[in-house]
Amino acid sequence: MTFLRSTAITLALSALGTAALAADPELTVFDWAGFEEPSIFQGYIDKHGTGPTYAFYGDDDEAYQKLASGFKADVAHPCSQMVSKYRDAGLIEPWDTSRIAAFADIDPRFLNSPVFKDDQGVWYIPTDFGSTAIAYNTEKVPAEDVATLNVFINPAYQGRTTLPDSADDVWALAYLATGVTDWTHVTDEQFQKAADWLREAHKNVSAYWADPADEAQMMASGAVDVAWSWNDVLALLRKENYPVGYQRAAKEGSSTFFCGFVNLKSGQGSEDKMYDFINAWLDPSSAKGLLDTIGYGSTNVKGLATVSDDPRVKELGETGGPILAQTPNDPAQREKQLAEFEKIKAGF
């Protein structure tokens, strides 16, 4: 995914709403912009001669709202904390894991929740994982400044920071900054302390980034120097020779997330092709394409082993410090966080 290509996708999304990339009419994938890269699902193309039709979204909540409002697709690619919402709304159905060749090779830690797997079946196929930490301009920002997450409330960086327009990621940041590393058990006091910190951080924000291409543009243009960032922006900026650093070892910690596919009840396409697509994604040969184009790791342990010597994999591993894993949390708590974030962005 080159910087220019990703930027073009972003412009298309902003102009058209849910943009589409038409290909195989018998399978529609509702996905994050950028994941239409052929090397991630080359096996599907080899078998069917073309990739599936794609429709794109910019964040998890947008995707859910569109599907809940009647948008039709065969599969969607939410991150883990959204799966309970899809289940509660009756939008998804279990997978037939006997048709997924590499299901047994998925790292068990990514399926360790009754939200994903219970006596009714397997509701979620985890496919990729990444990290969220501080991205910064190494020529303008001293390393000691990003040794703490409080760089985001440091007055010296007023107007020089950007945060994701994603409630999950900003709350992961705020909880970490205020000493919380497990968001599955948050007290009212901890929530309020994190909200207060986030209001302070908002004062330094130049703009909230909508996707990695948007963030990369802001950083490459010099509009901002510090970002709370998914690790996929590193691939974009490095291709532009931007002096990007990635601090996952701030004293308060960093965050991790993982995403995967759900089987949508509204799907009207080919079930055989849907499973071909998932099998192509989980094939070990796809791990390098995922790392090269997006910067994420494969949940398939055999696939990840094929790239284990790549230094970029270390950007996804343990840091030795605190980690807030973005695993499923209480849906009511998540809605509370979402509502509070909207207030904070509006200046309240």
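Heads up: the sequence shown is residues -22 to -1, 1 to 326, going by mature numbering (1 follows the signal peptide of the UniProt record, and there is no 0). Glycine included, C-beta positions come from ideal geometry on N, C-alpha and C.
Report the option in Ser58, Ile84, Glu117 whose CA atom is closest to the CA atom of Asp261. Asp261 has its Cα closest to that of Ile84, out of Ser58, Ile84, Glu117.
With 16 other CB atoms within 10 Å as the buried threshold, where does Ala113 fall? Classification of Ala113: buried, given that the 10 Å Cβ count is 16 or more.
Close-in-space but distant-in-sequence residues of the same chain around Ala51 (CB under 8 Å, 5 per side omitted): In its chain, beyond the 5 residues on either side, Thr6, Val7, Phe8, Ala33, Leu45, Leu242, Ser244, Gly245 have a beta carbon closer than 8 Å to the beta carbon of Ala51.
Let me check understanding here. Comparing Cα to Cα, which of Asp123, Ala317, Gly48, Ser62 lies closest to Ala227? When C-alpha distances from Ala227 are compared across Asp123, Ala317, Gly48, Ser62, the shortest belongs to Asp123.
Which residues does DSSP list as the beta-bridge partners of Pro104? Gly238.
Cut-off 8 Å between Cβ atoms - residues of its own chain near residue 337, not counting five sequence neighbours on either side: For residue 337 there is no data in the structure shown, the boundaries of the chain being -22 and 326.
When Pro72, Gln59, Pro104 are compared against Phe81, the one with the closest alpha-carbon: Cα-wise, what sits closest to Phe81 is Pro104.
Taking C-alpha atoms, which residue in Phe19, Gly12, Ala145, Phe107 lies nearest to Asp39? Just measuring C-alpha positions, the residue of Phe19, Gly12, Ala145, Phe107 sitting nearest Asp39 is Ala145.
Own chain partners of Gly325 with C-beta closer than 6 Å, once the 5 adjacent residues on each side are dropped: Take Gly325, set aside five residues on each side of it, and no residue of its chain has a beta-carbon closer than 6 Å to its own.
Taking the alpha-carbon positions, what's the Glu178 to Ser207 distance? A straight line joining the alpha-carbon of Glu178 with that of Ser207 spans about 18 Å.
Jot down the residue ranges of each uninterrupted beta strand (DSSP E) in the segment 254 to 281, minimum 3 residues, whole runs only, in chain order. Those beta strand (DSSP E) runs which fall completely within the segment 254 to 281 and span 3+ residues do not exist here.
Backbone CA spacing between Gly48 and Thr162 [nearest angstrom]: Roughly 30 Å separates the two Cα atoms.
Would you mind working out which of Asp106, Glu249, Asp143 sits nearest Glu318, comparing C-alpha positions? Of Asp106, Glu249, Asp143, the residue nearest in Cα terms is Asp143.
At the level of alpha carbons, what is the spacing between Met252 and Val291? Each residue's Cα considered, the two are about 28 Å apart.
Would you kindly check if the distance between the Cβ of Leu294 and the Cβ of Gly281 is under 9 Å? No, the Cβ-Cβ distance between Gly281 and Leu294 is not below 9 Å.
Let me confirm a value: Ala191 is counted as buried when at least 16 other C-beta atoms fall within 10 Å, else exposed. Which label applies? Result: buried.
Backbone CA spacing between Ser184 and Glu71 [nearest angstrom]: Between Ser184 and Glu71, the alpha-carbon positions lie close to 41 Å from each other.
Closest by CA to Asp66, which one among Pro3, Asp308, Val164? Taking only the C-alpha atoms, the option nearest Asp66 is Asp308.
Taking the C-alpha atoms as reference points, what is the distance between Ala125 and Glu313? Here the C-alpha atom of Ala125 lies approximately 31 Å from the C-alpha atom of Glu313.
Quick check: the Cα distance between Gln136 and Lys181, rounded to an integer number of angstroms? When only Cα atoms are considered, Gln136 and Lys181 end up about 7 Å apart.
DSSP on Ile18, reduced to helix/strand/coil? When secondary structure is reduced to three states using DSSP, Ile18 falls in the helix class.
Can you check which of these residues, Asp160, Val204, Asp250, is closest to Asn128 by C-alpha distance? It is Val204 whose Cα lies nearest to the Cα of Asn128.
By Cβ distance below 8 Å, which residues in the same chain neighbour His26 in space, the five residues on each side in sequence not counted? Answer for His26: Asp2, Lys251, Asp254, listed in chain order.
Rounded to whole angstroms, what's the CA-CA distance from Gly99 to Asp106? Just pull it up for me. So the alpha carbons of these two residues sit roughly 21 Å apart.
Compute the Euclidean distance between the alpha carbons of Thr31 and Tyr22, then round it to the nearest angstrom. Using only the alpha carbons, I get a separation of about 12 Å.
Inter-residue Cα distance where the pair is Gly68 and Trp101: Taking C-alpha positions only, Gly68 is separated from Trp101 by approximately 11 Å.
Taking the beta strand (DSSP E) that Pro133 belongs to, which residues open and close that run? From DSSP, Pro133 is part of no beta strand (DSSP E); its letter is neither H nor E.
Is Gln43 buried or exposed, if buried means 16 or more other CB atoms sit within 10 Å of its CB? Exposed is the label assigned to Gln43, since fewer than 16 other Cβ atoms lie within 10 Å of its Cβ.
How would you write the range of the alpha helix (DSSP H) that Ile322 sits in, first residue to last? Per DSSP, Ile322 is one residue of the alpha helix (DSSP H) stretching across 309 to 323.
So for Leu5, helix, strand or coil by DSSP? Reduced to three states, the DSSP call for Leu5 is strand.
With respect to the alpha helix (DSSP H) encompassing Leu176, which residues constitute its N-terminal and C-terminal limits? Annotation: the continuous alpha helix (DSSP H) that includes Leu176 extends over 166 to 180.
Which ranges does the beta strand (DSSP E) cover as unbroken runs of at least 3 residues, wholly within the segment 45 to 71, from first to last along the chain? Listed in chain order, there is nothing to give.
Distance, Cα to Cα, Gly36 vs Gly12? Spanning the two alpha carbons is a distance of roughly 10 Å.
Contacts around Ala258, its chain only, beta-carbon distance under 6 Å, and the 5 residues preceding and following it disregarded: Cβ-Cβ distances below 6 Å link Ala258 to Phe19, Gly21, Tyr22 in the same chain, with the five nearest sequence neighbours on each side left out; the list follows chain order.
Just the C-alpha distance for Asn132 and Val119, rounded to the nearest angstrom, thanks. One C-alpha to the other measures close to 12 Å.
Please name the residue in Pro86, Asn115, Thr75 whose C-alpha comes closest to that of Gly223. Ranking the options by Cα distance to Gly223, first place goes to Asn115.
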